[in-house]
Every structure is written in structure tokens, then in C-alpha cells.
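Take 121 as the starting number for the sequence shown in this note's numbering and just add one per residue.
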Amino acid sequence: MSKPTVLRVDPDAPEIDRLDRAADVLTEGGLVAFPTETVYGLGAHALDPEAVERIFEVKDRPETHPLIVHVGDIEVAMQWSDPWSEEAQRLAEHFWPGPLTLIVPRNSRLPAEVTGGLETVGLRMPSHPVGMALLRRADLPVAAPSANPHQHLSPTRAEHVVHGLGERVDMVIDGGATDVGIESTVLSLCEDVPTILRPGAIGRDHLASLLDSVAWADDAVPDPETRRPSPGMSARHYAPETRVRLAAEVEDVVELDDSGAIGWLLLDGSSEFEPRAGDVVERLPSEPASYAAGLYAALHNLDRASCTRIVVQSPPRHEGWRAVWNRLERASTPGR
Ligand code: TXA
Ligand code: MG
């Protein structure tokens, strides 16, 4: 398999000439994977329906799953929402650039392919210096899902994109490892009450400081007439190829099982636990933001280590861990 063009761009001082090359690829209808502060995105010109369709082909993603439109400025976001509410403006001013996607009514000039036929659109202004500089140089709205095959782990490094999508992408911008490590919080402003459809680094408490009330989609009573489930909420998502199991007591797993190598994802501080010879171990900090930052890279490593399964030590059941739990539960849901 031939490889896509990989363009290294310094996150501390993005090289504008390189970003202009990438911006040209986008303008001409090509696919460019680029770093955001959360995960790498697979970008296409949002106003070019053929380019957008290629995203679905390359990811093998169902065409009804809406894409997030990435913008370099609030003013650009305003153009693609109709109406852009006072609430949206307040949230964007406070949290953008940053890991928050706002679901708002869409402007009808946005191609229907982008939103999977929905009358709403997800908008987000990422804070990664490379992603942001690219969006500003391209001066386009950029439709971008995470740059991984459908239902697989999201990429937090350029090499994850190359491994997962390879030559199917025209260009990969390598801006180093992403900081947040899990996908943005998705907040819908199209429900009776602002509703979190996907938990992320921006938690309910942060949002509640700017809103009268905030609901969780998973607490809501589903209404099949009006509520269409978000694909990020489907049970299996963000999953490695290797079977994943969550375990509160890792010692018990060793006692019950002695077939094949296990890939362990442990919390720092569980040092008394002794994996067996041949097992592979990754450790992550026992603080949720730092854990999230390393989660996908650790799972990518374990997934490539030829283990028969991955066992993840359960983190604390605490509100601050909600976004991490959401990803772990999906990764460990069997079947595809
Ligand atoms: O951090 C992120 O959000 C990354 C980076 C690349 O920006 N993007 C990302 O995109 O995670 P994707 O396509 O993997 O996930 C987008 C999520 C899905 O759960 C999708 O259903 C939801 O956002 N979404 C997008 N537009 C929506 C809409 N109009 N209504 C409801 N949910 C929507
Ligand atoms: Mg995704």
C-alpha cells in the first residue's frame, strides 16, 4: 500500500507555506487529515459535495451520520447556522477555540451530504495551532470526522491516521500528539433544553455556568418521533480490533485466565499488581484529563501488540471521569 503525503508542521510555529499546500488540496476537493486539540480530523471542503462524499467512502461511514463543520472564526460559524442564537454566540465566545461542538439549525446553503440530511449542523472551532492555522489559510468551512475507519479508535497522532487510512487520504499533516486526546463535547442547542449528546473535556459544570440548564442525552426519555440518535452514541464505537474487557479487580482476571498474552491498561498507583510474563502493559495517570490525553495512544499500542485481549482497569466512578467512561464502555461493547 502506498503512503499519503505526510507534511510535518511545527505546532509551536506552523510553517505557512506547508499549510498553504494543504489548503490547496482542500480547495481542490482533496482529503487532508489534520490535528485538532482533541483528535486528528479527516477534512474536506464542506461546500463540495463530492469531496464530502469521499469522507464517507474512505471511512466506510454510513451516509446518514452527520459531520462536524470546522471553522477558523466565530463569524464563519455564524454563516452556516440559521438562526445563530444569542446562546450559541455566548457559548462560542467563551469556549472557542476549544473542544466544544455546537449543534444548531443549519443554513440551507450547506450541502445536505454534510449533515446526513439533518436540518441541524455541528459547528466547532478547534484550538490546535496547526488545525486553526489551516482553517484560516484555507478560508473554508471544513467538514471533518475523526480520521479513523468507522467504529475504530480515533487517532491522536499522525501515524495512527497513516496506519488506519493510509493511501485513501491525500495528505496527512503531522502536528504531533494531540493534547485533549478524546473527541469534543457535543452540545445540542436544538432541543427544549441544551443537551449534551457526547461528553468531552468541557463538562456539564463548565456549560452550566453559562446556561440556565443543561441535560444529558442519556438521561432523556427517547422520543422516536423527534430524537434521532447521534452515531457517537451508538453502543460500539472508538473500539480496537482486539476484544476489550473492563475489570474492577485486575488480580481476579489473572486468576481466571491463563490463555494467551493480555494487554493491560492500568492506572498509575496499581504498582503492586504483577502482570504475567509475555503480557503487555500500558499505564495511564489516575487523573481524568491526563488519562484521556493518553487513552487512545495506549489502546492503539495494545491493539498492535498481538494480545488475545485487552483488559482495562476500571477508573473511579466519578463525574470527572464521565467522558472517559463513555469511551471505555463503547470500546468494550462486543460485536460490530
Ligand atoms: O473532537 C472532535 O469532535 C473530532 C475532531 C476531528 O474535531 N471530530 C469528531 O467527529 O469526533 P466525528 O464525526 O467522529 O463525531 C461527530 C459527532 C458524532 O457523534 C455525530 O453524531 C455528532 O458529532 N454530530 C455531528 N453533527 C450532528 C448533528 N447535526 N446532530 C447531532 N449530532 C451531530
Ligand atoms: Mg469519530
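We put the CB at the ideal spot given by N, CA and C, even for glycine.
Treat the numbers as computed from the prediction; the structure is a model and nothing was measured.
### Query
Taking just the CA atoms, how far does serine 406 sit from threonine 221?
On the sequence shown, position 101 is the one that residue 221 refers to. On the sequence shown, position 286 is the one that residue 406 refers to. Using only the alpha carbons, I get a separation of about 27 Å.
### Query
What residue does the alpha helix (DSSP H) around aspartate 144 start on, and which one ends it?
Looking up residue 144 in the sequence shown gives position 24. Bounds of the alpha helix (DSSP H) holding aspartate 144 are 136-147.
### Message
Taking the alpha helix (DSSP H) that arginine 128 belongs to, which residues open and close that run?
### Response
To locate residue 128, count along the sequence shown from 1; it is residue 8. Arginine 128: not part of any alpha helix (DSSP H); member of the beta strand (DSSP E) spanning 125-128, first to last residue.
#### Entry: Inter-residue CB distance, isoleucine 136 and arginine 257 (contact presumed, cutoff 8 Å)
Numbered from 1 along the sequence shown, position 16 holds the residue referred to as residue 136. Numbered from 1 along the sequence shown, position 137 holds the residue referred to as residue 257. Yes, isoleucine 136 and arginine 257 are in contact; Cβ-Cβ is about 7 Å, under 8 Å.
### Query
Which of helix, strand or coil does DSSP assign to arginine 365?
One-based indexing of the sequence shown puts residue 365 at position 245. Here arginine 365 sits in strand by DSSP.
### Query
Apart from the five residues just before and just after isoleucine 430, which ones in its own chain have a Cβ nearer than 6 Å to its Cβ?
One-based indexing of the sequence shown puts residue 430 at position 310. Excluding sequence neighbours, isoleucine 430 sits near Thr362, Val364, Gly383 and Leu422.
### Message
Looking at valine 126: is its Cβ nearer than 8 Å to the Cβ of leucine 139?
### Response
Numbered from its first residue, the sequence shown carries residue 126 at position 6. Numbered from its first residue, the sequence shown carries residue 139 at position 19. Against a cut-off of 8 Å, the Cβ pair of leucine 139 and valine 126 comes out as no contact.
#### Entry: Close beta carbons around alanine 335, own chain, < 8 Å, minus the five adjacent residues each side
Here residue 335 is taken as the residue at index 215 of the sequence shown, counted from 1. Answer for alanine 335: Glu311, Val313, Pro314, Thr315 and Ile316, listed in chain order.
### Message
Less than 8 Å between the beta carbons of leucine 151 and glycine 161, yes or no?
### Response
One-based indexing of the sequence shown puts residue 151 at position 31. One-based indexing of the sequence shown puts residue 161 at position 41. No. Outside cutoff.
### Message
Out of Ala412, Arg447 and Pro408, which one is the CA nearest neighbour of glutamate 439?
### Response
Walking along the sequence shown from the start, residue 439 turns up at place 319. With distances taken between Cα atoms, glutamate 439 lies closest to Pro408.
### Query
According to the Cβ coordinates, are valine 189 and alanine 253 closer than 8 Å?
Within the sequence shown, residue 189 is the residue found at index 69, counting from 1. Within the sequence shown, residue 253 is the residue found at index 133, counting from 1. Not a contact, by the Cβ cut-off of 8 Å.
### Query
Does the separation of the CB atoms of alanine 267 and alanine 417 fall below 8 Å?
Here residue 267 refers to the residue found at position 147 of the sequence shown. Here residue 417 refers to the residue found at position 297 of the sequence shown. Judged by beta-carbon spacing, alanine 417 lies beyond the 8 Å limit of alanine 267, meaning their Cβ atoms are not closer than that value.
### Query
Looking only at C-alpha atoms, which of Pro319, Ala328, Leu327 and His326 sits nearest to alanine 337?
Position 217 of the sequence shown holds residue 337. Comparing Cα-Cα distances from alanine 337 to each of Pro319, Ala328, Leu327 and His326, the minimum goes to Pro319.
### Query
Would you say the segment 198-214 touches the segment 279-291, given that touching needs at least three Cβ pairs under 8 Å?
Output reads no: the segment 279-291 does not touch the segment 198-214.
### Query
Just to confirm, does serine 266 get its C-beta within under 7 Å of one of the non-hydrogen atoms of the ligand MG?
Sequence index remark: in the sequence shown, residue 266 carries index 146 (1-based). The answer is yes for serine 266.
### Task
Tell me the start and end of each unbroken alpha helix (DSSP H) in the segment 419-452 that is at least 4 residues and wholly inside, in chain order.
Counting only runs of 4 or more, we get 442-451.
### Query
Would you report the Cα separation of aspartate 294 and glutamine 209, rounded to the nearest angstrom?
Stepping through the sequence shown from its first residue, residue 294 is reached at position 174. Stepping through the sequence shown from its first residue, residue 209 is reached at position 89. Between aspartate 294 and glutamine 209, the C-alpha separation is close to 32 Å.
### Task
Pick helix, strand or coil for tyrosine 411, following the three-state DSSP scheme.
As a working note, residue 411 is residue 291 in the sequence shown. Three-state DSSP puts tyrosine 411 in a helix.
### Message
Just to confirm, is the Cβ distance from glycine 242 to histidine 185 under 8 Å?
### Response
Residue 242 sits at position 122 when you count from the first residue of the sequence shown. Residue 185 sits at position 65 when you count from the first residue of the sequence shown. With a cutoff of 8 Å on beta-carbon distance, glycine 242 and histidine 185 are scored as not near each other.
### Task
Go ahead and label lysine 179 buried or exposed: buried means 16 or more other beta carbons lie within 10 angstroms of its beta carbon, across all protein chains shown.
Translated into positions along the sequence shown, residue 179 becomes position 59. Flag for lysine 179 reads buried.
### Query
CA-CA distance, glycine 246 and arginine 141?
For the purposes of this step, residue 246 is taken as residue 126 along the sequence shown, with counting starting at 1. For the purposes of this step, residue 141 is taken as residue 21 along the sequence shown, with counting starting at 1. A small correction: the amino acid at residue 246 is proline; glycine does not occupy that position in the sequence shown. Counting only the Cα atoms, arginine 141 lies some 20 Å from proline 246.
### Test: valine 152 CB closer than 8 Å to a CB of chain B
The structure shown has no chain B; it contains just one protein chain.
### Query
What residue does the beta strand (DSSP E) around glycine 251 start on, and which one ends it?
The residue labelled residue 251 in the question sits at position 131 within the sequence shown. Premise fails: glycine 251 lies in the alpha helix (DSSP H), 249-258, not in any beta strand (DSSP E).
### Query
For threonine 147, which of Ile194, Met291, Val224 and Trp204 has the nearest alpha-carbon?
Working through the sequence shown from its first residue, we reach residue 147 at position 27. Looking only at Ile194, Met291, Val224 and Trp204, the smallest Cα-Cα distance to threonine 147 is reached by Met291.
### Task
Measure the alpha-carbon distance for histidine 357 versus asparagine 446 and round it to whole angstroms.
For the purposes of this step, residue 357 is taken as residue 237 along the sequence shown, with counting starting at 1. For the purposes of this step, residue 446 is taken as residue 326 along the sequence shown, with counting starting at 1. The alpha-carbon atoms of histidine 357 and asparagine 446 are separated by roughly 10 Å.
### Message
Could you check whether the Cβ of serine 304 sits closer than 7 Å to any heavy atom belonging to the ligand MG?
### Response
Against the sequence shown, residue 304 aligns to sequence position 184. Checking every heavy atom of the ligand MG against the Cβ of serine 304, none is found closer than 7 Å.
### Task
Look at the alpha carbon of arginine 442 and the alpha carbon of asparagine 227, and state the distance between them as a whole number of angstroms.
As a position in the sequence shown, residue 442 is number 322, starting the count at 1. As a position in the sequence shown, residue 227 is number 107, starting the count at 1. Rounded to the nearest whole angstrom, the CA to CA distance from arginine 442 to asparagine 227 is 33 Å.
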